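Numbering (the working numbering), first residue to last: -17 to 157.
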């Protein structure tokens, strides 16, 4: 994926176009900053979270209530991040018969025993910290094909989230 800006330049007496990356352009105009800077400039919003023991109805409700996120963060009783559940994974699980051409008995067993958020979640989610540089977070997100990332404190408690769309808006303000 290449985000780029096109700008005019002179090349041998003719007007041409030169492509620059968003990160190159931002370095040229000013420093993007740290995640903490992003948070200061952003409107507070509810981060979609559920406890590990949350049932399926709570999980669905967390997705329905979120107007910006396509993931739900699974946290323990101390609000520490334990995993994530993507909307895509939830949809594939509940509507598997639209995705699979045949019914797999292993999938039916998996569905039958999946009752809590802990059963659905993927562990080892990519995270960012307020002290991270926004540019470094963006690079990690692109490298790992992640569109949303949890921002955690030193105890790994989810304090905010960040999406690629947020980063595009932030870049636009900084440029």
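C-beta: ideal position from N, C-alpha, C; glycine also. Bear in mind the structure is a predicted one, so any value in this text is a computation, not a measurement.
Item	Value
So, residue 69 versus residue 109, is the Cβ gap smaller than 8 Å?	no
Can residue 35 and residue 98 be called in contact, C-beta distance under 8 Å?	yes
May I ask you to report which of helix, strand or coil DSSP gives residue 40?	helix
Taking its Cβ as the centre, do 16 or more other Cβ atoms sit within 10 Å of residue 10, making it buried, or is it exposed?	The predicted position of residue 10 is uncertain, since its pLDDT is 42 and thus under 50; no value can be drawn from it.
Looking only at its chain, what residues have a beta carbon closer than 7 Å to the beta carbon of residue 134, apart from the 5 residues adjacent to it on each side?	63, 109, 111, 140 and 141
Quick check: what's the CA-CA separation for residue 138 versus residue 59?	12 Å
Going by CA-CA distance only, name the one from 61, 136 and 145 that's closest to residue 121.	145
Give every residue of the same chain whose Cβ lies closer than 8 Å to the Cβ of residue 44, excluding the five residues on either side of it in the sequence, and list them in chain order.	30, 31, 32, 36 and 54
Is the beta carbon of residue 130 sitting closer than 8 Å to the one on residue 16?	no
Kindly indicate which residue of 20, 67 and 26 has the alpha-carbon position closest to the one of residue 40.	67
Here's the rule I'm using: 16 or more other beta-carbon atoms within 10 Å means buried, otherwise exposed. How should residue 51 be labelled?	buried
Can you tell me whether DSSP reads residue 112 as helix, strand or coil?	coil
For the alpha helix (DSSP H) containing residue 18, name the first residue and the last one.	17 to 23
How should residue 158 be labelled, buried or exposed, when 16 other C-beta atoms within 10 angstroms of its C-beta is the threshold for buried?	In the structure as shown, the chain starts at -17 and stops at 157, and residue 158 therefore has no counterpart that could be examined.
Can you give me the Cβ contacts of residue -5 inside the same chain, cut-off strictly under 7 Å, excluding the 5 residues immediately before and after it?	Note on residue -5: pLDDT 46, under 50, position unreliable in the model; the coordinate value appears next. Nothing listed; no residue qualifies.
Taking all protein chains shown into account, decide if residue 18 is buried (16 or more other Cβ within 10 angstroms of its Cβ) or exposed.	exposed
Is it buried or exposed, residue 149, if we count other Cβ atoms within 10 angstroms and call 16 or more buried?	buried
Please report how far the alpha carbon of residue 153 lies from the alpha carbon of residue 147, in whole angstroms.	10 Å
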